[in-house]
C-alpha cells in the first residue's frame, strides 16, 4: 500500500464519519461571523488605545476570564448532563436543586471575587507597577459572574431549546453590542476603563435577554409547578463529584493562559503585555475549525468505543484530523508565513514586531489542531486520570519556562514557553491516545496529507523569505497553494463524498474528485 492510498471504509461506518464531518462543517460556518467580528473588535481596540492602555485592558480581561472559570466550580459543564437526565426521569426536585446549586455557587463565589479584587487593589498595583491595570480590573471583575451566568444559560438552551437562541445571542448579539461599545470609545476618545464598563454593561444586557427567554421556556415546560410539587433536593454529591474533576482540568488550562500575562506584567510593563496579547486571537484562529468539529465528534466516537470498534475509531479519528489540518491550512499559512505584514495591517505598524510572536504561536496552535482530537478521545475513553496528569505536566512546564524566559526575554520568552507547552502537551495526548484507545500514533496511509502540508508550508515560507510580496499578493498565493493542498489530499478528505452538492459546481468534480 502506498503512502497516499486510503483503506476503503465499511458503508455503515463511513456514513457515521461523513455525517460527523458534514455536520461539523456546517457548525463551523456559523462561527465565522463571530470570529471575524471579534478580530475586528480587537483590531479597533488596539488601534484606538495606546499600547500601554491596551496592555492594561488585556491584563485585566485575562484575569477575569480565569475568575469566571473558577466561580462555576465546573458545574456549568455538569448542568447539561444532570438537567437532561433529571428531566427525562421526571425528578423535578433534583433538577431544581441542580440549578440552585449552580446559581448559588456563581453568585456567592462571584461576589467574593469582586470583594477580593476591590480589597486587594494596592496589592494588584504593587505586583504590576501600573495603577491603570487596577483601575480597569476593578470595573471588569463584575464581568466574571455575568459570563458564568451566561454559560449556564447556554447549557440550559442546549437541553431544552433550539440552538437558534444560542446562535443569535452568542454569535450575533454579543459581537454587535461590543462593536457599539468600541465605536463609542473611538468617537468619544475614551480609555480602557470606559471599554471595561462597556463590556460589563453589554454582558449584563445579554444575560437579561437570556433570562427573559429562559423564563418563557420555564413556563412552557411547567418547571416551577413541577418543582413545587416535589420539593427541592440538592444533589451536591452527584453534581460536585462530576464537575470538580472537570474544573481541575479547566483551571490547569486557564493557568497556562494566564501565568504568562501575570509574569509579563510583573517583570515588564503593560506595553509588553500588549505586544504579546494583541496577536493571540489571530493565532487561535488555527483552532476554530477544530472547535467546530468537536461537538459532533464525541457522540460518534463514544458509540465506536462502546462497540469496541477500534478500526472505526481509527478511521474516524485520522480522517477528521486530516479534514481539520487541510481546512485550517490557509489560516495557518497566513498567520505563520505572513505574520509581520498581517499584524501591521490589523493592529498598526506599532505592533509589527509582534509578528514574530504571531508566527510562533500560530505554529503551536496549528500543531495542536492538526493532530486531531487526541485529548478529547482520551477523555471519551474514560482516561480522566491520565488527562489530569498530563495537564499538570503542561502547567508545570509552562510556569517553569515562563519563569526562566520572561524576565530576560519578555514577550518572546512567553511566546516560546507557550509554543513548547502546546507541543509537549499534544505529544503526551497523542501517546495517551495510543495507550488508552489503541488508535495508531501515525498510520502510514494517513501520513500523505501531513507530508503535503509540510511541503507547502516550506515552499511558502521560502518564497516570502526571499521575495518581498505585498499582503494582497501573498494572500492570493496562499489561496492558490491551499487549493493545491486540497487537490493533493482529495483522496483523504473526500470532499465530494461528504458534500455531493459541491460536485454540481463547474470544474469541481475535476478538482476535488478522487484520484484514480
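In this note's numbering, the protein residues as written are 49 to 564.
Every residue gets a Cβ at the ideal spot worked out from N, C-alpha and C, and that includes glycine.
Quiz item: Short check: CB of residue 476 to CB of residue 465, under 8 Å?
Solution: no
Exercise. Figure out for me which residue from 300, 459, 162 has the closest Cα to the Cα of residue 445.
Key: 300
Self-check item: Check whether residue 479 and residue 487 have beta carbons under 8 Å apart
Solution: no
Exercise. Provide the residue span of the alpha helix (DSSP H) that contains residue 537, from first to last.
Key: Counting along the chain, residue 537 falls outside any alpha helix (DSSP H), and DSSP gives it neither H nor E.
Quiz prompt | Backbone CA spacing between residue 144 and residue 153 [nearest angstrom] | solution = 14 Å
Self-check item: residue 70 (DSSP reduced to helix, strand or coil)
Solution: Here the model assigns residue 70 a pLDDT of 49, short of 50, so the residue's position is not dependable, and the following value carries that caveat. Residue 70 falls in the helix class under three-state DSSP.
Exercise. For my contact list, residue 83 and residue 336 are in at a C-beta cut-off of 8 Å; report their separation, rounded to the angstrom.
Key: 6 Å
Quiz item: Which one of 484, 432, 282 has the shortest CA to CA distance from residue 148?
Solution: 282
Exercise. Thinking residue 331 and residue 409 are a contact (beta carbons under 8 Å), I'd like their distance in whole angstroms, please.
Key: 4 Å
Quiz prompt | Pick from 292, 172, 411 that is closest to residue 432, judged by C-alpha positions | solution = 292
Quiz prompt | Boundaries of the alpha helix (DSSP H) in which residue 492 is found, first to last residue | solution = From DSSP, residue 492 is part of no alpha helix (DSSP H); its letter is neither H nor E.
Exercise. Confirm, please, whether the CB-CB distance from residue 470 to residue 380 is below 8 Å.
Key: no
Exercise. Express the C-alpha separation of residue 463 and residue 374 in angstroms, rounding to a whole number.
Key: 25 Å
Quiz item: Taking DSSP as the reference, what is the three-state secondary structure of residue 98?
Solution: coil
Quiz item: Between the C-alpha atoms of residue 155 and residue 311, what's the straight-line distance to the nearest angstrom?
Solution: 29 Å
Exercise. Provide the residue span of the alpha helix (DSSP H) that contains residue 402, from first to last.
Key: No alpha helix (DSSP H) contains residue 402, which DSSP labels as neither H nor E.
Quiz item: Along the chain, where does the alpha helix (DSSP H) that runs through residue 450 open and close?
Solution: 432-485
Quiz item: Is it the case that the Cβ atoms of residue 243 and residue 93 are separated by a distance below 8 Å?
Solution: yes
Exercise. Report the rounded CA-to-CA distance for residue 101 versus residue 289, giving the unit in angstroms.
Key: 42 Å
Exercise. Report, in whole angstroms, the separation of the C-beta atoms of residue 190 and residue 248, which I expect to be a contact under 8 Å.
Key: 5 Å
Quiz item: Candidates 117, 237, 180: which alpha carbon is nearest residue 198's?
Solution: 117
Self-check item: Assumed close pair residue 491, residue 376 - CB separation to whole angstroms, cut-off 8 Å
Solution: The pair is not a contact, with the Cβ atoms about 20 Å apart (cut-off 8 Å).
Quiz item: Under a Cβ-count criterion, where at least 16 other Cβ atoms within 10 Å of its own Cβ denotes burial, should residue 273 be classed as buried or exposed?
Solution: exposed
Quiz prompt | Whole runs of the alpha helix (DSSP H) within the region 87-173, excluding any shorter than 4 residues | solution = 99-118, 123-137, 140-167
Quiz item: Which class does residue 565 belong to by DSSP, given the choice of helix, strand or coil?
Solution: In the structure as shown, the chain starts at 49 and stops at 564, and residue 565 therefore has no counterpart that could be examined.
Quiz item: Considering only C-alpha positions, which residue in the set 430, 499, 484, 175 is nearest to residue 418?
Solution: 499
Quiz item: Do the CB positions of residue 181 and residue 350 come within less than 8 Å of each other?
Solution: no
Quiz item: So the alpha helix (DSSP H) residue 321 belongs to, where does it begin and stop?
Solution: 318-325
Self-check item: Cα-Cα separation, residue 95 to residue 395
Solution: 6 Å
Exercise. Could you check what DSSP says for residue 424 in three-state terms: helix, strand or coil?
Key: helix
Exercise. Please confirm whether residue 278 and residue 353 have their CB atoms less than 8 Å apart.
Key: no
Quiz item: Short check: CB of residue 302 to CB of residue 103, under 8 Å?
Solution: no
Quiz prompt | Residue-level contact to chain B via CB, residue 301, 8 Å cutoff | solution = No chain B appears in this structure, which consists of one protein chain only.
Quiz item: Between the Cα of residue 159 and the Cα atoms of 196, 146, 126, which residue gives the shortest distance?
Solution: 196
Quiz item: DSSP on residue 412, reduced to helix/strand/coil?
Solution: helix
Self-check item: Spatial neighbours of residue 522 in its chain, beta-carbon cut-off 6 Å, leaving aside the 5 residues before and after
Solution: 386
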